[in-house]
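Numbering-wise (the numbering used here), the sequence shown opens with residue 1 and increments by one. We put the beta carbon where it would ideally sit given N, CA and C, even for glycine. This one's a predicted model, so the numbers in the text were calculated from it and none came from an experiment.
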Amino acid sequence: MLVAYVFSDGGLEAVPVAEGPIPAEAVWLDLISPTEADDERAEAFAGISVPTREEMGEIEQSSRLYMEGDARYMTASLLCGADTPTPVMLAVSFIVTRGRLITVRYGEPRAFPSVAGRLSKSCPSGVSGETILIDLLEAIVDRAADVLEQIGADVERISKRIFERERGRDNANQRYRAILSHIGRKEGLVSYARESLASLQRLLSFLGTETDGATVGKDAKASVKSMSRDVSGLSDYAAFMGDKLQFLLDATIGMVSLEQNNIIKIFAVLSVVLMPPTLIASIYGMNFHNMPELDWSYGYPLALCAMVVSGILPYVFFKWRRWL
1 MLVAYVFSDG GLEAVPVAEG PIPAEAVWLD LISPTEADDE RAEAFAGISV
51 PTREEMGEIE QSSRLYMEGD ARYMTASLLC GADTPTPVML AVSFIVTRGR
101 LITVRYGEPR AFPSVAGRLS KSCPSGVSGE TILIDLLEAI VDRAADVLEQ
151 IGADVERISK RIFERERGRD NANQRYRAIL SHIGRKEGLV SYARESLASL
201 QRLLSFLGTE TDGATVGKDA KASVKSMSRD VSGLSDYAAF MGDKLQFLLD
251 ATIGMVSLEQ NNIIKIFAVL SVVLMPPTLI ASIYGMNFHN MPELDWSYGY
301 PLALCAMVVS GILPYVFFKW RRWL
């Protein structure tokens with residue numbers, strides 16, 4: 001799908017181009033899961049080469065940030081679907097050439113419809129691809145900050161579930177299994193966020209080092225510098241979240257070990273408590289002929305009393321030592 005954005009009535013109007021020529025006044029071409037025909041029309045219109053999905057997936061920096069003629073190619077990995085059970089990393093390419101912006105994506109990052117909706121309501125008449133690129137990057141950074149804030153709140157709730165005992169909870173196995181599952185999902189989300197922030201940092205550095213003014217102007221460079229500081233701070237926060245999740249994982253495993261130790265302790269105490277009564281019962285169960293206790297009138301109740309007392313004494317001793 002190819003969407004061209006043209007200035008109209010104080011805003012950017014989205015014009016889907018299913019076939020036919022692209023409007024000459026378009027300042028932003030948004031290629032969403034483009035077909036080969038969409039790529040060819042965009043290439044003919046802007047005089048550039050649109051990267052394929054395989055080329056966008058390359059991880060080396062030289063394949064993501066480069067120049068071809070007067071066109072600047074920038075590809076970033078963005079976190080998509082952070083609010084869903086299956087977040088993914090999405091490669092998005094930004095191409096700035098002759099005052100136009102061409103974006104190529106195979107998904108729907110939340111920043112794109114947000115920026116498109118805002119620019120459709122209010123947009124300066126002299127808007128350029130450079131300005132739209134800065135708006136998109138700012139929206140992407142803001143979205144990353146929102147995701148990390150939500151992760152921080154979720155991590156705090158997980159921490160309370162681990163360390164604050166509540167009455168009427170389910171059994172420990174189910175609770176800790178759920179906690180481990182939540183920690184695993186949040187750790188994966190933080191990992192994606194860190195990867196996305198690192199990719200954005202490289203892209204912003206590439207923009208910030210442009211000196212010929214063809215890609216970014218003076219005001220845009222100030223915005224890029226501010227975003228670089230924001231991304232650096234978010235990266236530090238994401239690293240902190242990663243460390244905290246690792247601590248919570250270790251703490252959860254420690255809690256599971258404590259629960260297992262408590263169970264083992266119960267079995268150990270039971271074995272010690274039942275050992276003396278078992279010994280007494282074993283002695284008097286041998287039925288040797290010359291055992292005087294067998295002829296006692298009160299031998300049976302005395303043996304029972306001895307077994308009860310021998311079982312109570314270890315229990316009392318353990319309670320006195322506060323082992324139970």
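Tell me the rounded alpha-carbon separation between residue i and residue j.
i	j	result
S49	V104	12 Å
A178	G129	47 Å
S255	L248	The question names Ser, yet the displayed sequence has Met at residue 255. If I take the Cα positions, the gap works out to 10 Å.
L258	A251	10 Å
C80	F206	23 Å
R229	R110	22 Å
C62	Q246	It is worth fixing the name first, because residue 62 is Ser in this sequence and not Cys. C-alpha separation (whole angstroms): 33 Å.
V190	I312	54 Å
A325	I132	As shown, the chain starts at 1 and ends at 324. That puts residue 325 outside it, with no answer to give.
G325	A46	In this structure the chain extends from 1 to 324, so residue 325 is not present and cannot be described.
V272	V308	13 Å
V115	K160	37 Å
L101	V88	25 Å
C305	I266	24 Å
A24	P16	14 Å
W323	Y176	25 Å
N262	E164	18 Å
Y5	V27	6 Å
V141	V269	58 Å
V3	I158	42 Å
Going by C-alpha distance, which of the options is nearest residue i?
i	options	result
E60	A44, S77 and F45	S77
R53	G107, W28 and G285	G107
S235	S226, K225 and Q201	Q201
R185	V155, P314, I32 and I22	V155
M275	M1, S310 and S196	S310
A44	E55, G57, M56 and L29	L29
V147	L119, G188, M291 and R118	G188
G20	I32, Y5, R41 and A26	R41
L197	L90, T86, D295 and D219	L90
I283	A303, V141, E195 and L119	A303
R98	P301, Y73, A268 and P314	Y73
A18	G242, I32 and S8	I32
Please name the residue or residues paired with residue i in a DSSP beta bridge.
i	result
D30	V3 and T103
G11	S8
P276	Answer by DSSP bridge pairing: none, since P276 is not bridged.
P16	V3
- Would the segment 122 to 142 and the segment 6 to 16 be scored as touching if the rule is three or more Cβ pairs under 8 Å? Touching, per the Cβ criterion.
- Going along the chain, which unbroken runs of the beta strand (DSSP E) with 3 or more residues stay wholly within the segment 64 to 103? Listed in chain order, the beta strand (DSSP E) runs fully inside the segment 64 to 103 are 65 to 68, 71 to 80 and 88 to 97, counting runs of at least 3 residues.
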